[in-house]
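A.B. asks:
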Amino acid sequence: MNIKTVMVIGAGQMGGGIAQVCAQAGYNVILNDLKDEFLTRGLSVIEKNMNRAVSKEKMTEEDKNASLGRITRSTDLNDAKNADLVIEAAVENMAIKTKIFETLDQAAPEHAILASNTSSLPITEIAAATKRPEQVIGMHFMNPVPVMKLVEIIRGLATTDEVYQAIEEMTKTLNKAPVEVEDFPGFVSNRILMPMINEAIYTLYEGVASKEAIDDVMKMGMNHPMGPLQLADFIGLDTCLYIMEILHEGFGDSKYRPCPLLRKYVKAGWLGKKTGRGFYIYE
Ligand code: CAA
Numbered sequence: 001m002n003i004k005t006v007m008v009i010g011a012g013q014m015g016g017g018i019a020q021v022c023a024q025a026g027y028n029v030i031l032n033d034l035k036d037e038f039l040t041r042g043l044s045v046i047e048k049n050m051n052r053a054v055s056k057e058k059m060t061e062e063d064k065n066a067s068l069g070r071i072t073r074s075t076d077l078n079d080a081k082n083a084d085l086v087i088e089a090a091v092e093n094m095a096i097k098t099k100i101f102e103t104l105d106q107a108a109p110e111h112a113i114l115a116s117n118t119s120s121l122p123i124t125e126i127a128a129a130t131k132r133p134e135q136v137i138g139m140h141f142m143n144p145v146p147v148m149k150l151v152e153i154i155r156g157l158a159t160t161d162e163v164y165q166a167i168e169e170m171t172k173t174l175n176k177a178p179v180e181v182e183d184f185p186g187f188v189s190n191r192i193l194m195p196m197i198n199e200a201i202y203t204l205y206e207g208v209a210s211k212e213a214i215d216d217v218m219k220m221g222m223n224h225p226m227g228p229l230q231l232a233d234f235i236g237l238d239t240c241l242y243i244m245e246i247l248h249e250g251f252g253d254s255k256y257r258p259c260p261l262l263r264k265y266v267k268a269g270w271l272g273k274k275t276g277r278g279f280y281i282y283e
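Below you can see the structure in the form of structure tokens.
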């Protein structure tokens, strides 16, 4: 399948990153969000990232301008009529995603593949909102998207081999590494990462060590680039709690119960870096 135009739904941290890597790889990108101001904010982050790459001589000024020139703005989901692939990176809420996929299914051309960047919601259920479940797939990018190599490619129950292969190939053209995963709660990444983060929070909750000590153990002892509590702040504590709830509900196993301290922080609005306070305080 010949993918030339990619529509990205959501201009936030993940959607903006996905739009950036697609534009840099030569795809025409339609960046969509609910409001113009969200697009402006998302595009300014993309430009800032590219400027940093130019200043480090990892990208030329011409390439930057050409990449930015390939991104068009959209506040209308019907612009999917011009897309060969849509990658949805809107909020993690099944009702909202279902609605978006219903609209995309009606607007996008027959050949178009509809992908979701969901970090934990079932692809099979998202696909069931469309009349083309065989052309629906998960493309789970990691944060920060321009830096992280992995894309988990999640097959829904009905996803065809042809669609899987087209997405695997497309992912490679982004200079990313696709890894094939079946559709189970948390896929592979969050099924392993989130219980580790949750356990680090229990370790803090039970007074086993200070937050700095817990992070130091994992950074220096296990060579992780960030400690689990710092990483939780970076991901967002609301997102961590949400994913733990999905694992807990999806498997019905108490080993996935979210730590009460995580719930408490989320209730306090201490959501991590994005709100200026999580386990750590950010200026
Ligand atoms: N956007 C774009 N580029 C960024 C960036 C961002 N937000 N943050 C850092 N970078 C770039 C820097 O410009 C730098 O680039 P160069 O190598 O070209 O100079 C490079 O990344 C390294 O950055 P720094 O030197 O500033 O800092 P660092 O060495 O500490 O690396 C990090 C930063 C890459 C974020 C590193 O700390 C890291 O790998 N952390 C763990 C990230 C991780 O685990 N991500 C997965 C999160 S889970 C997820 O995404 C799935 C989910 O569903 C929840």
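Last residue of the sequence shown: 283 (the UniProt record's numbering), numbering continuous.
Glycine residues also receive a C-beta, built at the ideal position from the N, C-alpha and C atoms.
1) Does the distance from the CB of I30 to the CB of A112 come in under 8 Å?
2) With DSSP collapsed to three states, give me the class of S44.
3) With DSSP run on the structure shown, which of helix, strand or coil describes V86?
4) Counting only runs that start and end within the stretch 91-131, where is the beta strand (DSSP E) found for 3 or more residues in a row?
5) Could you check whether the stretch 57-70 touches the stretch 204-217, counting it as contact only if at least three pairs of C-beta atoms, one from each stretch, sit closer than 8 Å?
6) Quick one: which unbroken alpha helix (DSSP H) runs of 4-plus residues sit fully inside the stretch 135-217? Chain order, please.
7) For the ligand CAA, enumerate in chain order all residues having a CB closer than 5 Å to any of its heavy atoms.
8) Look at N190 and S120 and say whether their C-beta atoms are less than 8 Å apart.
9) Sort R73, E245 and R132 by Cα distance to L34 and report the nearest one.
10) Does the Cβ-Cβ distance between T173 and A25 come in under 8 Å?
11) Quick one: measure Cβ to Cβ for L229 and F279, integer angstroms, because I've assumed they're closer than 8 Å.
12) Going straight from the alpha carbon of D79 to that of V86, what length do you get?
13) Rounded to the nearest angstrom, what separates G236 and N32 at their Cα positions?
14) Since N78 is in the alpha helix (DSSP H), which residue starts that stretch and which ends it?
15) Quick check: the stretch 129-139 against the stretch 155-162, are at least 3 beta-carbon pairs closer than 8 Å?
16) Quick one: what does DSSP say G221 is sitting in, helix, strand or coil?
17) Give a single yes or no on whether P225 has its beta carbon closer than 7 Å to a heavy atom of the ligand SAH.
18) Does the stretch 85-101 come within contact of the stretch 4-14, defined as at least 3 CB pairs closer than 8 Å?
19) So L34 is in the alpha helix (DSSP H); what residue range does that whole segment cover?
20) Which partner residues does M7 have in the DSSP bridge list?
21) If you run the structure through DSSP and keep just helix, strand and coil, what is R277?
22) Contact between the stretch 93-112 and the stretch 138-150: three or more CB pairs below 8 Å?
23) Alpha carbon to alpha carbon, how far is N175 from L150? Give it in angstroms, no decimals.
24) Which residues bound the alpha helix (DSSP H) around D238?
25) Buried or exposed for G276, going by 16 or more other Cβ atoms inside 10 Å?
26) Using the beta-carbon count (16 or more within 10 Å), is I96 buried or exposed?
27) Within the same chain, show all residues whose beta-carbon is closer than 6 Å to that of K219, passing over the 5 residues directly before and after it, in chain order.
28) Have a look at K99 and M50 and give me their C-alpha separation to the nearest angstrom.
C.D. replies: Inspection of the coordinates gives the following:
1) no
2) helix
3) strand
4) 113-116
5) no
6) 161-173, 189-205 and 211-216
7) N49, S119, M142, N143, P144, P146, V147, P225, M226 and I235
8) yes
9) R73
10) yes
11) 4 Å
12) 10 Å
13) 23 Å
14) Looking at the DSSP string, N78 is not in any alpha helix (DSSP H), and its letter there is neither H nor E.
15) yes
16) helix
17) In the structure on display, the ligand SAH does not appear, and the ligands it does have are the ligand CAA.
18) yes
19) No alpha helix (DSSP H) contains L34, which DSSP labels as neither H nor E.
20) I30 and V86
21) strand
22) no
23) 10 Å
24) L237 to F251
25) exposed
26) exposed
27) G227
28) 33 Å
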